[in-house]
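Residue numbers for the sequence shown follow my numbering, beginning at 5 and rising by one. Below is one structure, written out as structure tokens; the observations come after it.
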Amino acid sequence: MVVLRAATAVGEGSIAVWSEFVRRLSDGMLASLLPKILIAIQPLLKFSATNNLLDSIFDRKKPLEIEQSEAFERTAMVLLSSEVGDPSRINFHLKRTCSNDSKEHVISSCVRMLLEECDTVGKVVLHKLLNVLD
């Protein structure tokens with residue numbers, strides 16, 4: 005995934021590589037990696053070619069019932085109506101997933117996503133933020 009994220013900087017040319025990567029993933033691996041994949045392809049949403057990639061991801065997602073995944077729901081909430089790329093491309097797929105879009109829930113989701121990726125110092129600060137919000 006690190007190489008694919010780096011390839012995303014190439015732009016539209018990397019969409020075919022992402023599509024092939026997603027196609028080759030087992031259902032279980034797709035379920036596990038989906039939140040990270042969605043964040044990684046966000047810069048590509050400005051290209052119409054991402055429509056096919058998103059369709060292939062979300063067509064496979066339905067049978068996997070990933071909606072139950074907390075990580076996926078957090079990612080969906082953060083990406084929904086995002087100002088980066090063209091949010092309309094992904095909003096269609098994500099609106100069915102997000103059930104609570106209150107400011108508190110969005111902030112909490114953002115903080116939890118950061119916790120999953122931050123170093124120790126960041127985690128301490130973010131835990132404090134979560135405590136204040138809760």
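Glycine included, C-beta positions come from ideal geometry on N, C-alpha and C.
Chain-order list of residues whose beta-carbon lies under 7 Å from that of residue i (same chain, five-residue window excluded)
| i | result |
| --- | --- |
| M33 | none |
| I111 | L137 |
| I94 | L49, L58 and L83 |
| H97 | L58 and F62 |
For residue j and residue i, the rounded distance between their alpha carbons
| i | j | result |
| --- | --- | --- |
| I61 | G15 | 19 Å |
| S23 | L118 | 26 Å |
| D138 | A75 | 19 Å |
| E121 | K40 | 10 Å |
| T54 | P47 | 10 Å |
| S52 | H109 | 30 Å |
| L57 | L42 | 11 Å |
| A10 | S106 | 33 Å |
Under the three-state DSSP convention, the category residue i falls into
| i | result |
| --- | --- |
| V4 | Residue 4 lies beyond the residue range present for the chain, which begins at 5 and ends at 138; the question has no answer from this structure. |
| G15 | coil |
| A75 | helix |
| A53 | coil |
| M5 | coil |
| D63 | helix |
Segment limits, alpha helix (DSSP H) that includes residue i
| i | result |
| --- | --- |
| S112 | K107 to E121 |
| D31 | D31 to I45 |
Close beta carbons around residue i, own chain, < 8 Å, minus the five adjacent residues each side
| i | result |
| --- | --- |
| L8 | S18, V21, W22, F25 and A44 |
Cutoff 6 Å; reference residue i; Cβ partners in own chain excluding five residues on either side
| i | result |
| --- | --- |
| R78 | S113, R116 and M117 |
| L37 | none |
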